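Written out below as structure tokens is the structure these notes cover.
Protein chains: 2
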Amino acid sequence: MALFVQQGFDETTVAQIAEAAGVSQMTFFRYFPTKDAVVFDDPYDPVIADLVAAQDPGLPAMERVRLGLLGAWNSVPDAVDDATREKIRLIAGHTRLTAGIWENNRRTEDLIVEALTGTGVGRVEARVAAGACLGGLTAALLDWASEPDGQELRERMSTALDLMGESGRTARRNR
Amino acid sequence: MALFVQQGFDETTVAQIAEAAGVSQMTFFRYFPTKDAVVFDDPYDPVIADLVAAQDPGLPAMERVRLGLLGAWNSVPDAVDDATREKIRLIAGHTRLTAGIWENNRRTEDLIVEALTGTGVGRVEARVAAGACLGGLTAALLDWASEPDGQELRERMSTALDLMGESGRTARRNR
DNA sequence: GGCGAAATGTTAGAGACTAACATTTTCGCT
DNA sequence: AGCGAAAATGTTAGTCTCTAACATTTCGCC
Chain U
87 MALFVQQGFD
97 ETTVAQIAEA
107 AGVSQMTFFR
117 YFPTKDAVVF
127 DDPYDPVIAD
137 LVAAQDPGLP
147 AMERVRLGLL
157 GAWNSVPDAV
167 DDATREKIRL
177 IAGHTRLTAG
187 IWENNRRTED
197 LIVEALTGTG
207 VGRVEARVAA
217 GACLGGLTAA
227 LLDWASEPDG
237 QELRERMSTA
247 LDLMGESGRT
257 ARRNR
Chain L
87 MALFVQQGFD
97 ETTVAQIAEA
107 AGVSQMTFFR
117 YFPTKDAVVF
127 DDPYDPVIAD
137 LVAAQDPGLP
147 AMERVRLGLL
157 GAWNSVPDAV
167 DDATREKIRL
177 IAGHTRLTAG
187 IWENNRRTED
197 LIVEALTGTG
207 VGRVEARVAA
217 GACLGGLTAA
227 LLDWASEPDG
237 QELRERMSTA
247 LDLMGESGRT
257 ARRNR
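Pasting the structure below:
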């Protein structure tokens, strides 16, 4: 990560990383399947799925996902640490890495869909709800990384989820 | 594309593609920046931005994007042709290519954001609305490609956009 | 100390992509 | 037709990520 930040992601070769770590290139690839993988490691998925599943089944799918995600972000104890912040910024400034976020989101999406369909929601509806919420959330995350405005990340995530919901709809109604 | 479908994306080398096309490998890369680029070529973006900009500015951002996209899909004359269908299926069956969709979506997202902020919507709100709608739409597209249920693509896109809107919310309310 | 297993290393190679430079093809113009 | 400039294509050599096969070292445990 230090090398990436110093000289950029593309400009850093695996050989350099390996040398800095005092191991051979081969060893690097035994710990990280790809060079990209160094930057991606989120273990939050299961919490999210549980919280989505716990929402009132009477609500529309979109709303259940939204509230589940809101709960998940509020359950993250304190502010995001600097290392994470750096990672997100690195990703946001790199087109291919940004796209790579979606390889992670896909796993989250699948779990959410599973949680929803398990309680009677249709497959398509579940996919759309999960995709939309994750899409809005990711957009907010990337915006936060590239145009810092002092807002805390968790607060930003809340704002985003609100904007996708009823309150976001009514907020602008009488402008 | 024929080669990709026959033997898979990863299993097809650009040397093979070049040979099949009767050109050198170098020439291939002069026409396509990457091997992935063969699969990605959507020129629909400008239409979308225009239609989003044309929505009633009194509506919330999320709604304007939703309706704009709905209009865009309805303006695509007739059903998607087989070649496109094949491309989508190819992408949907390949993790890295699926993530690659978002390199395209990002461009679309930027245009939508531009259209919205140009009419007074806040930056974050615009990003979230665009990200959410594109997220839901893409999820529906990928689901359509991997689990065919006879529904036409355009119809599927309409369904998806409805689910993200007011109607999607009320539809399930009295179940 | 010694044995088996896990971790690490070496070497060779495939495949995507780039850069520099040479060659051919195309095309407007006389 | 024929000339010359510009565009398209080719050749070669190289970098970098990632893989496979196999050798070597290190470590925990008896």
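Each protein sequence line maps, in turn, to chains U and L.
Terminal number for the first sequence in the working numbering: 261, no gaps in between.
Terminal number for the second sequence in the working numbering: 261, no gaps in between.
Where a beta carbon is used, it is the ideal one built from N, C-alpha and C, also for glycine.
Note that this is a predicted model, so its numbers are computed, not measured.
Three-state secondary structure (DSSP) of residue i
i, result
"T170/L", "helix"
"T120/U", "coil"
"P234/U", "coil"
"S315/L", "Outside the displayed span of chain L (87 to 261) sits residue 315/L, for which this structure offers no information."
"F115/U", "helix"
"E200/L", "helix"
"A178/L", "helix"
"W137/U", "Checking the sequence shown, residue 137/U turns out to be Leu, not Trp. Correct three-state label for L137/U: helix."
"P146/U", "coil"
"D229/U", "helix"
"P132/L", "helix"
"V100/L", "helix"
"D248/U", "helix"
"V207/L", "coil"
Buried or exposed (CB count within 10 angstroms, at least 16 for buried), residue i
i, result
"F242/L", "First, the residue type needs correcting, since residue 242/L is Arg and not Phe in the sequence shown. Answer is buried; the Cβ neighbour count reaches 16."
"Q111/L", "exposed"
"G186/L", "buried"
"E195/U", "buried"
"R229/L", "Here residue 229/L is Asp; the residue named in the question, Arg, does not match the sequence. Answer is buried; the Cβ neighbour count reaches 16."
"A158/U", "buried"
"R116/L", "exposed"
"A88/L", "exposed"
"G217/U", "buried"
"P264/L", "In the structure as shown, chain L begins at 87 and stops at 261. Residue 264/L is therefore absent and cannot be evaluated."
"G154/L", "buried"
"G236/U", "exposed"
Listed by chain order, chain L residues near residue i by CB distance under 9 Å
i, result
"A201/U", "None at all; the shortest Cβ gap to chain L is about 15 Å."
"M243/U", "None at all; the shortest Cβ gap to chain L is about 10 Å."
Partners in chain L for residue i, counting only beta-carbon separations shorter than 8 Å
i, result
"R209/U", "D229, E233"
"T181/U", "E189, R192"
"E238/U", "Those do not exist, as E238/U stays about 13 Å from chain L at its closest Cβ, beyond 8 Å."
Per-residue contacts from residue i into chain U (C-beta, under 8 Å)
i, result
"W188/L", "T184, A185, I187, W188"
"E195/L", "A225"
Backbone CA spacing between residue i and residue j [nearest angstrom]
i, j, result
"S244/L", "A215/U", "14 Å"
"G94/U", "D136/L", "36 Å"
"Q27/U", "R150/U", "There is simply no residue 27/U to check, as chain U begins at 87 and stops at 261 in what is shown."
"T203/L", "R193/L", "15 Å"
"Q102/U", "P119/L", "26 Å"
"R240/U", "L249/L", "26 Å"
"L227/L", "P132/L", "20 Å"
"W188/U", "W188/L", "8 Å"
"A178/L", "A106/U", "38 Å"
"T224/U", "V210/L", "12 Å"
"D167/L", "N190/L", "20 Å"
"F90/U", "T98/U", "6 Å"
"T205/L", "L247/L", "22 Å"
"G222/L", "R152/U", "13 Å"
"P143/L", "A212/L", "12 Å"
"M148/U", "I134/U", "14 Å"
"S232/L", "L176/L", "9 Å"
"A201/L", "A104/U", "46 Å"
"G269/U", "T113/U", "Outside the shown range of chain U, which is 87 to 261, sits residue 269/U, and nothing can be said about it."
"C219/L", "V109/U", "45 Å"
"V162/U", "V138/U", "15 Å"
"E238/U", "Q92/U", "25 Å"
"D96/U", "K121/L", "18 Å"
"V199/L", "V100/L", "36 Å"
"L156/L", "L156/U", "27 Å"
"V125/L", "F126/U", "25 Å"
"P234/L", "D128/U", "31 Å"
Contact set between residue i and chain U, taken where Cβ atoms lie within less than 9 Å
i, result
"R213/L", "G222, A225, A226, L228, D229, A246"
"L249/L", "P146, A147, M148, V210, E211, V214, A215, A218"
Neighbouring residues, chain L, relative to residue i (Cβ below 7 Å)
i, result
"E105/U", "Per Cβ cutoff of 7 Å: no residues; E105/U is ~28 Å from chain L at best."
beta-carbon residue i near the ligand SAH non-hydrogen atom, thresh 7 Å
i, result
"T184/U", "No copy of the ligand SAH occurs in the structure displayed, which carries no ligand at all."
Give a yes or no on contact between the segment 165-177 of chain L and the segment 176-184 of chain U, applying the rule of three or more CB pairs nearer than 8 Å. no
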